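Residue 103 in this note's numbering sits at position 59 of the sequence shown, with consecutive numbering throughout. A short worksheet on the structure shown next.
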Amino acid sequence: MLFLFILSSFEGWPAYVYNFIDASDIGPIHASSSYFAVFFAVFIFVGSFFSINLFSAIMAFNFDIASKKAKNEFLTD
45 MLFLFILSSF EGWPAYVYNF IDASDIGPIH ASSSYFAVFF AVFIFVGSFF SINLFSAIMA
105 FNFDIASKKA KNEFLTD
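Okay, here's the thing in structure tokens:
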């Protein structure tokens, strides 16, 4: 879980990616597993869209609440 948080926060993730891509059963081999590169690319792509959608949904929700409060303040007697 910690690694997925590091990957989604974009802080220090290249070192981990190189370690995972070079990993094999017999020891580190340069670019031995390209499946990890695909996993990281998909995770970053999906994670960034999730973060953007979450941020925009929260902003839209708060804007809707604020606009309803503002309308109710000015329409009361």
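Glycine residues also receive a C-beta, built at the ideal position from the N, C-alpha and C atoms. Nothing here was measured: the structure is a model prediction, and the numbers come from that model.
What's the C-alpha gap between residue i and residue j?
i: Glu112; j: Gly91; result: Per the sequence presented here, residue 112 reads as Lys, with Glu not at that position. Computed Cα separation, rounded: 32 Å.
i: Ala85; j: Lys115; result: 45 Å
i: Tyr62; j: Phe83; result: 13 Å
i: Tyr60; j: Phe105; result: 36 Å
i: Ile48; j: Phe107; result: Residue identity check: residue 48 is Leu in the sequence provided, not Ile. Those two C-alpha atoms are separated by around 31 Å.
i: Phe89; j: Phe54; result: 12 Å
Is residue i helix, strand or coil when you go by DSSP?
i: Phe80; result: helix
i: Gly56; result: coil
i: Asp108; result: helix
Please work out which residues of its chain come closer than 6 Å, Cβ to Cβ, to residue i, disregarding the five sequence neighbours upstream and downstream, and give them in chain order.
i: Ser52; result: Gly91
i: Pro58; result: none
If you drop the 5 nearest sequence neighbours on each side, which residues of the same chain put their C-beta closer than 8 Å to that of residue i?
i: Ile65; result: Ala75, Ser76, Ser77, Ser78, Phe80 and Ala81
i: Leu56; result: Residue 56 is actually Gly in this sequence, not Leu. So the qualifying residues of the chain are Ile50.
Next item on the list: For the region 68-86 and the region 101-115, state whether three or more C-beta atom pairs, one from each stretch, are separated by less than 8 Å.
Entry: Contact fails: fewer than three Cβ-Cβ distances are below 8 Å.
Next item on the list: Determine contact between the region 56-74 and the region 98-105, defined as no fewer than three beta-carbon pairs at a distance below 8 Å.
Entry: These segments do not touch.
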